[in-house]
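A.B. asks: Before I ask anything, here is the structure I am working with.
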Amino acid sequence: MSILYATIALTAAESGQVSAALRARPVMAAVANWFDANRANLYGARIDDWRPFDRRTIGEILNEGEENFRSQTNLVEGLYNGTHRSLNVLRNSGIEVYFIDVFALFLDRHRQMANRLDGVLAESEKCCFILPYGLSADCETLLTECGQHWPTVFDSYIEEGALHRIAMRPAELTHVRGYCLKHTQGGPNPALAAQMLQRAGETPTEVPRIAAR
149 MSILYATIAL TAAESGQVSA ALRARPVMAA VANWFDANRA NLYGARIDDW
199 RPFDRRTIGE ILNEGEENFR SQTNLVEGLY NGTHRSLNVL RNSGIEVYFI
249 DVFALFLDRH RQMANRLDGV LAESEKCCFI LPYGLSADCE TLLTECGQHW
299 PTVFDSYIEE GALHRIAMRP AELTHVRGYC LKHTQGGPNP ALAAQMLQRA
349 GETPTEVPRI AAR
């Protein structure tokens, strides 16, 4: 059985525009320097060529084991280009997790798509925001940007403890991978388990969390 995922990320052709957008905002000066030093290794011709960690794509990291993770990014691309008009294409897709490039939010077309998908993906509780390591000092600034364009996703986590998460290292993608495997193979319900731990005064640690704004 294939486990389905999708990515919402930049392409190499878009990365130059993001560099300019970052440099236009003084508060993002350090982020812009990091981005310019690394963007050639981060992006390729397609969305699925995005390599956030160790020059590996999301698909390469997820498929390190025997399980079969299969990209459905084409469905997201269909919403961008008008092939698909209804968001039901995602609701009915069976996608287990959406990996979201925080830098995509510095371009209008990705911000508009975030605003369009925000409610749908909040319902699904399947978002994973990617902040490549090396940016830990600026992660709060970038997460604030995310919260502005994915407000329902963020509020769902803050108010309900939903399993939206953030990955800054390859190991944290491994946690997300494990979560998907448990969910699709009939393992314990991670959302329910997390809520029970929180009610008992404990902090669930299996899945990386987004901090409250």
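Positions in the sequence shown are counted from 1; adding 148 to them yields the working numbering. Glycine is no exception: its CB is placed at the ideal position from the N, C-alpha and C atoms. Treat the numbers as computed from the prediction; the structure is a model and nothing was measured.
For a test of the three-state rule: what should DSSP assign to glutamine 346, helix, strand or coil?
C.D. replies: With a pLDDT of 41 at glutamine 346, under the threshold of 50, the modelled position of that residue is not reliable, and the figure given next carries that caveat. The answer is helix: DSSP assigns glutamine 346 an H, G or I state.
A.B. asks: Assess, as a yes-or-no matter, whether the segment 314–329 is touched by the segment 203–213 under the definition of 3 or more beta carbon pairs within less than 8 Å.
C.D. replies: Result yes; three or more Cβ-Cβ pairs closer than 8 Å.
A.B. asks: With distances taken between CB atoms, is the gap from alanine 154 to isoleucine 278 smaller than 8 Å?
C.D. replies: No, the Cβ-Cβ distance between alanine 154 and isoleucine 278 is not below 8 Å.
A.B. asks: Helix, strand or coil, according to DSSP, for tyrosine 191 in the structure here?
C.D. replies: The answer is coil: DSSP assigns tyrosine 191 none of H, G, I, E or B.
A.B. asks: Please determine, among Cys328, Pro299, Asp286 and Gly326, the residue with the shortest C-alpha to C-alpha distance to methionine 176.
C.D. replies: When each option's Cα is compared against that of methionine 176, the closest is Asp286.
A.B. asks: So, are the CB atoms of arginine 239 and valine 268 less than 8 Å apart?
C.D. replies: Yes, Cβ-Cβ distance for arginine 239 and valine 268 is below 8 Å.
A.B. asks: Thinking C-alpha only, which one of Asn222, Pro280, Arg264 and Gly192 is nearest aspartate 202?
C.D. replies: Nearest option by C-alpha distance: Pro280.
A.B. asks: Below 7 Å CB to CB, which residues in the same chain sit around alanine 315 once its five sequence neighbours on both sides are set aside?
C.D. replies: Contacts found: Cys276, Ile278, Leu321, Val324 and Pro356.
A.B. asks: In angstroms with no decimal places, state the Cα-to-Cα distance between alanine 168 and arginine 199.
C.D. replies: Cα to Cα, the separation comes out at about 21 Å.
A.B. asks: Based on DSSP bridge pairs, tell me the residues matched to leucine 152.
C.D. replies: Its beta-bridge partners are Arg218 and Ile243.
A.B. asks: Excluding sequence positions up to five away, which residues of its chain have a Cβ less than 8 Å from the Cβ of leucine 255?
C.D. replies: Same-chain partners within the cutoff: Leu158, Glu162, Gln165, Val166 and Ala169.
A.B. asks: Have a look at asparagine 229 and glutamate 288 and give me their C-alpha separation to the nearest angstrom.
C.D. replies: Going from the Cα of asparagine 229 to the Cα of glutamate 288 covers about 32 Å.
A.B. asks: Quickly, what does DSSP pair alanine 315 with across the bridge? List them, please.
C.D. replies: Its beta-bridge partners are Ile278.
A.B. asks: Does the Cβ of threonine 231 have 16 or more other Cβ atoms within 10 Å, making it buried, or fewer, making it exposed?
C.D. replies: Label assigned to threonine 231: exposed.
A.B. asks: Nearest CA to the CA of aspartate 184: which residue from Phe302, Arg171, Ile195 and Leu253?
C.D. replies: Nearest option by C-alpha distance: Arg171.
A.B. asks: Between the alpha carbons of serine 234 and leucine 223, how many angstroms are there, rounded?
C.D. replies: About 11 Å.
A.B. asks: In angstroms with no decimal places, state the Cα-to-Cα distance between alanine 160 and leucine 227.
C.D. replies: Distance between the alpha carbons of alanine 160 and leucine 227 is about 20 Å.
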